[in-house]
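The numbering used here applies: residue -10 is where the sequence shown begins, and numbers increase by one.
Comments concern the structure below.
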Amino acid sequence: MSSLQRSRSSDPPEKVEYTVNQIAKVHREKIEDPRPSVWYSVVKWTFGVFLFISVLTCLVASKISLLCIANVYKNSENGNDHTNRETVFIMVVLTLMLPEAVSFFKACWISLFRKSHRWPRAKAIIVGLVAGVLEVSGLCYFTMIILLSTNFWPVMLILMMNAVFIIPVIWQIYKNRSCNQEQYSYKQLGTFIFALLLEVAGVAVLMFKVHQDDGQVIVWGIPPALIFISIAWCPMMFKFIMEPSGQQSTSHVEELAGMTNTLDSGVSSASPTSDAIILEQVSKAKSARGKAAIITSLWKLVLIPFVSVLLSLIPQKEEHKIANLADLRKGFDEFTYHHKAFPYFMTQIFTSFIGYFLGILACSMCMQRLAFALPMLFATPVSLALSFIFTVNNIFLSSDSGKPYEDPMVYTVAVLLLLAQFITVSYYLFKEQGFIMAKESSLFWMPTYNGKIH
-10 MSSLQRSRSS DPPEKVEYTV NQIAKVHREK IEDPRPSVWY SVVKWTFGVF LFISVLTCLV
50 ASKISLLCIA NVYKNSENGN DHTNRETVFI MVVLTLMLPE AVSFFKACWI SLFRKSHRWP
110 RAKAIIVGLV AGVLEVSGLC YFTMIILLST NFWPVMLILM MNAVFIIPVI WQIYKNRSCN
170 QEQYSYKQLG TFIFALLLEV AGVAVLMFKV HQDDGQVIVW GIPPALIFIS IAWCPMMFKF
230 IMEPSGQQST SHVEELAGMT NTLDSGVSSA SPTSDAIILE QVSKAKSARG KAAIITSLWK
290 LVLIPFVSVL LSLIPQKEEH KIANLADLRK GFDEFTYHHK AFPYFMTQIF TSFIGYFLGI
350 LACSMCMQRL AFALPMLFAT PVSLALSFIF TVNNIFLSSD SGKPYEDPMV YTVAVLLLLA
410 QFITVSYYLF KEQGFIMAKE SSLFWMPTYN GKIH
């Protein structure tokens, strides 16, 4: 036997793979289905619907509970129980202050001791202080004067809040006026012009209606108050306030911000990768957002009680007097869970707080359309319907303004302002998202919220 034959005989026998034990060729070459499993889709949609219901409930409950607090104030023994009125006055002031306090402590925890989070430049601080004065003046006027001192039907009070988008709409028209940039079009410009006309017409009819129902001079402060709040909440104002010292100029920040998927842009970027890169650049350019929030929140915490007390000193008839400052001590003594307005006060605080963070969760999980945009759009119509039902049946709410639901002007105001809100707000809320699980800094201009206007 040759050596070659001996070596072959010593080698271990080859293992034969029978086809019956092998994976079929059709399975080996089958392309994996990129679609998610059915269970994944079911869980996602179930959680999305849960978020939708939760956010909508929080928004509606926040609006209705504030109206209920005002209703307790107006029905407190026909306004003769000063102690009760001072307690409600304190509650309303706290509903303005607590969100700012939460925002202040949150911003301090995140940004105060971080060197990478810069302070805003001097001009940004000055503008932020001015914006704080405008916002607090407008909010306090609505809560202290319009909400507590007038007998407007609750539906009219809700409709008034829909006109706060007028300045952002004007800014969008100004920014899109040339229509020579790729992301802007005449259709977009026409949409904003139409929304502005609806806003102006709605406010005009609203003012005619409220002046017809209540001839007091104080109702003519409604348009300035709306403009003050609208200026303070304009995206351009937020961008300027957050500009850090020693960083890019405002024009550079605008150039970057205009390319991203934020509330101030008109369209989304073409690719998610470019979105992520530009988003990171804008986040760096806006690194002063945390410390800007510290300054503005602290400033508004000081302004809110001061402006509220100042408005309470406005000369009025005794039956319309907001609060007797000499009885504030008694008002604090009556601030217990036995008070009629206490359940509404706690509901307003918790629903506005929870709704804000649920909104962040919905946007960060890329459920913006279902769990954030739709609740924002449905909140006002649902609140109007519930306040109408409650007022007519004298449940939670009541009114001495007769039967405004028989007045066609009420429906005219509702159609004009709701349609304007749908065009302006939904334009941004229904945009595509190019990133998932985004940080709060990528979703909202400032880490703040309020429980008065949604």
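Heads up, the beta-carbon is just placed ideally off N, CA and C, and yes, glycines get one too.
Residue nearest to PHE295 in terms of C-alpha spacing, selected from PRO233, LEU314, LEU40, ILE412: LEU314
C-alpha gap between HIS241 and SER51, whole angstroms: In this prediction, HIS241 scores a pLDDT of 44, lower than 50, which makes its location untrustworthy; the coordinate-derived value is nonetheless stated afterwards. HIS241 and SER51: Cα-Cα distance of roughly 38 Å.
Euclidean distance between Cα positions of GLU188 and PHE334: Taking the straight line joining both Cα atoms gives about 31 Å.
CB contact flag (ILE293, SER219, <8 Å): no
Residues bridged to PRO143 [DSSP beta-bridge criterion]: Here PRO143 is not bridged, per DSSP, to any residue.
Per-residue burial, GLY279 [other beta carbons within 10 Å of its own, 16 or more giving buried]: buried
Supposed close pair GLN410, ASN151 - CB separation, criterion 8 Å: 5 Å
Cα-Cα separation, LYS319 to ALA90: Rounded to whole angstroms, the gap between the alpha carbons of LYS319 and ALA90 is 24 Å.
Distance between SER387 and GLU395 (C-alpha atoms, nearest Å): 16 Å
THR76, buried or exposed, once every other Cβ within 10 Å from all chains shown has been counted against 16: By the C-beta density criterion, THR76 is buried, having at least 16 other C-beta atoms within 10 angstroms.
Stretch pair the segment 120 to 134 + the segment 215 to 230: three plus CB contacts closer than 8 Å: Result yes; three or more Cβ-Cβ pairs closer than 8 Å.
Distance between PHE94 and LEU101 (C-alpha atoms, nearest Å): So the two alpha carbons sit approximately 10 Å from each other.
Stretch-stretch touch, CB-based, cutoff 8 Å, three pairs: the segment 52 to 63 with the segment 103 to 120: no
For VAL158 and SER258, the rounded distance between their alpha carbons: Confidence is the limiting factor: at SER258 the pLDDT is only 32, short of 50, which leaves the residue's position unreliable and the question unanswerable from this model.
Sequence-distant residues of its chain with Cβ nearer than 6 Å to ALA351 (five each side left out): LEU40, ALA360, PHE361
Candidates ILE53, PHE131, GLY191, of which the one nearest SER341 by Cα: ILE53
Beta carbon of VAL402 nearer than 8 Å to that of LYS198: Going by C-beta atoms, VAL402 is nearer than 8 Å to LYS198.
Of the residues LEU373, ASN383, PHE379, the one placed nearest LEU407, counting alpha carbons only: LEU373
Other residues of its chain near ILE134: CB distance less than 8 Å, five sequence neighbours each side excluded: ILE207, GLY210, LEU300, ILE303, ILE311
TYR345: first and last residue of the uninterrupted alpha helix (DSSP H) it sits in: That run of the alpha helix (DSSP H) goes 331 to 353.
Secondary structure, alpha helix (DSSP H): runs of 4+ residues fully inside the segment 150 to 195: 155 to 164
Whole-number beta carbon distance between PHE385 and CYS57, since they are thought to touch under 8 Å: The beta-carbon separation of CYS57 and PHE385, rounded to 5 Å, stays under the 8 Å limit for a contact.
Contact between the segment 112 to 123 and the segment 175 to 189 (3+ Cβ pairs under 8 Å): Flag = no, the segment 112 to 123 and the segment 175 to 189 do not touch.
Nearest-angstrom Cα separation, counted from ASN383 out to PHE78: 23 Å
6 Å CB neighbourhood of PHE379 in its chain, flanking five on each side removed: PHE385, LEU386
Span separating the alpha-carbon of TYR163 from that of ALA221: Taking the straight line from one Cα to the other gives about 17 Å.
Same chain, Cβ closer than 8 Å to GLY121, five either side skipped, listed in chain order: ALA221, THR285, TRP288, LYS289, LEU292
Whole-angstrom C-beta distance between ASN73 and GLU323, which should lie under 8 Å: 7 Å
N- and C-terminal bounds of the alpha helix (DSSP H) containing ARG278: 278 to 301
Straight-line Cα distance separating ILE349 from VAL27: 26 Å
Closer than 8 Å to chain C by CB, ALA59: Absent from the structure: chain C. Only one protein chain is present.
Cβ distance (whole Å) where PHE377 is taken to contact VAL144 below 8 Å: 6 Å
Of the residues HIS327, VAL298, PRO332, GLN337, the one placed nearest ASP316, counting alpha carbons only: VAL298
Exposed unless 16 or more other CB atoms sit within 10 angstroms - verdict on ILE147: Classification for ILE147: buried.
Span of the alpha helix (DSSP H), counted from its first residue to its last, around ASN60: 27 to 63
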